[in-house]
């Protein structure tokens, strides 16, 4: 039995309850262990396993250590997108994982930083919606939507929507359609819904709604087909609506170095200095809407020496100004931009 091969061991394995632990990097040792175990059980003298033979625990530990070392040496994925680099940075790392029981917005109370006026309120908890539906079914003539709105301090339209959805939900239950209860509970935790206990008052901050929400009186929307190659400004809209043009509002600046940086005004002032070289002009390549910047992204060329040209809306091809180069470098290569002097 000394010349056991793999197939002999696999087919003649004794039923002793010992499992074959083949780990990555140690199949030969595991096979030797099985051969020694088989010879020991067969009772043949002189074929007893050596005291230095590896045990099953030794094989498992050595295989796990080798696998862990392989994972540590694996090259990590390079983050090339600016959004990914920000997400795994110290500032964006707190947005990688959700916070159950509260919102995790970029803003304090609003999800979109560029639109602070959009501050959605948390939805009504499902336990409260269930109680509203139960109260209405017990006495629909007594608890009308207006009565329920006054009792729970919600809008009438919200009460009507809750009742309609609950009726559809009960029909789905009767038809044996599975409901996503876990999904509802987890979404309430992500959206910061205040928990509700049946029979107790529910009055979280900002939960009181008027019975009839106030809607400003505005006219019906007007639509006008405009060619995408033509400009449609605020003056054109005011002319169609027969109204005065709104005056653009600007934030009052303060003394330098804390003055507000108006990028549009700075770029306009930079163009008037005529510190750029005109390379040519082609009316065929003119775009009446946009100025297109073309940037050299060759990594072998230093950042400050890379070529940047601008095709203006009238077809003029010119070199980018120093301010335009600074904005583009900061947008594409933030690390290199930190080493360059500010314009």
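Numbering (the numbering used here), first residue to last: 51 to 393. Just so you know, even glycine gets a beta-carbon here, dropped at the ideal spot from N, CA and C.
Legend entry - As assigned by DSSP and simplified to three states, the class of residue 200: helix
Legend entry - Beta-bridge partners of residue 369, as assigned by DSSP: 359
Legend entry - Between the CA atoms of residue 330 and residue 363 - distance to the nearest angstrom: 13 Å
Inset, instruction - Tell me whether the beta-carbon of residue 259 lies closer than 9 Å to the beta-carbon of residue 199. - result: yes
Inset, instruction - Please classify residue 158: does DSSP put it in a helix, a strand, or coil? - result: coil
Legend entry - Contacts around residue 375, its chain only, beta-carbon distance under 7 Å, and the 5 residues preceding and following it disregarded: 358
Legend entry - Any alpha helix (DSSP H) of 4 or more consecutive residues that is wholly inside the stretch 230-255: 231-240
Inset, instruction - Would you kindly work out how many angstroms separate the C-alpha atoms of residue 333 and residue 341, rounded to a whole number? - result: 13 Å
Legend entry - Beta carbon of residue 153 nearer than 9 Å to that of residue 172: yes
Inset, instruction - Note the first and the last residue of the continuous alpha helix (DSSP H) segment covering residue 206. - result: 206-224
Inset, instruction - Write down the C-beta distance between residue 356 and residue 346 rounded to the nearest angstrom, noting that I regard them as a contact closer than 8 Å. - result: 4 Å
Inset, instruction - Quick one: using the 10 Å Cβ neighbour count with 16 as the cut-off for buried, is residue 246 buried or exposed? - result: buried
Inset, instruction - Look up residue 350 in the DSSP assignment and give the residues it is bridged to. - result: According to DSSP, residue 350 bridges with nothing at all.
Inset, instruction - From the DSSP output, in three-state form, read off residue 329 for me. - result: strand
Legend entry - Opposing strand residues paired with residue 343 [DSSP bridges]: 360
Inset, instruction - Whole angstroms is fine: what's the gap from residue 339's alpha carbon to residue 366's? - result: 14 Å
Inset, instruction - Tell me, to the nearest whole angstrom, how far the beta carbon of residue 371 is from that of residue 326; I am working on the premise that it is less than 8 Å. - result: 5 Å
Legend entry - Terminal residues of the alpha helix (DSSP H) in which residue 132 lies: 132-137
Inset, instruction - Compute the Euclidean distance between the alpha carbons of residue 278 and residue 337, then round it to the nearest angstrom. - result: 11 Å
Legend entry - Beta-carbon gap between residue 226 and residue 180 smaller than 9 Å: no
Inset, instruction - Give the secondary structure of residue 186 by DSSP, where H, G and I count as helix, E and B as strand, and everything else as coil. - result: helix
Inset, instruction - Taking all protein chains shown into account, decide if residue 138 is buried (16 or more other Cβ within 10 angstroms of its Cβ) or exposed. - result: exposed
Inset, instruction - Tell me the start and end of each unbroken alpha helix (DSSP H) in the stretch 264-299 that is at least 4 residues and wholly inside, in chain order. - result: 284-291
Inset, instruction - Count the other CB atoms, across all protein chains shown, that sit within 10 Å of the CB of residue 262; report buried if there are 16 or more and exposed otherwise. - result: exposed
Inset, instruction - Taking only the alpha-carbon atoms, compute the straight-line gap between residue 168 and residue 240 and give it to the nearest angstrom. - result: 18 Å
Legend entry - Distance, residue 361 Cα to residue 140 Cα: 38 Å
Inset, instruction - Apply the 10 Å Cβ neighbour rule to residue 293 and answer buried if 16 or more other Cβ atoms are within range, or exposed otherwise. - result: exposed
Inset, instruction - Consult DSSP for residue 260 and reduce its assignment to one of helix, strand or coil. - result: coil
Legend entry - CB of residue 4 within 9 Å of CB of residue 148, strictly: The first residue shown for the chain is 51 and the last is 393, placing residue 4 beyond what the model contains.
Inset, instruction - Could you name the residues of the same chain whose beta carbon sits closer than 8 Å to that of residue 144, not counting the 5 residues immediately before and after it, in chain order? - result: 154
Legend entry - Rounded C-alpha distance that separates residue 289 from residue 159: 38 Å
Legend entry - Distance between residue 265 and residue 272 (C-alpha atoms, nearest Å): 19 Å
Inset, instruction - Could you give the DSSP three-state label for residue 377: helix, strand or coil? - result: helix
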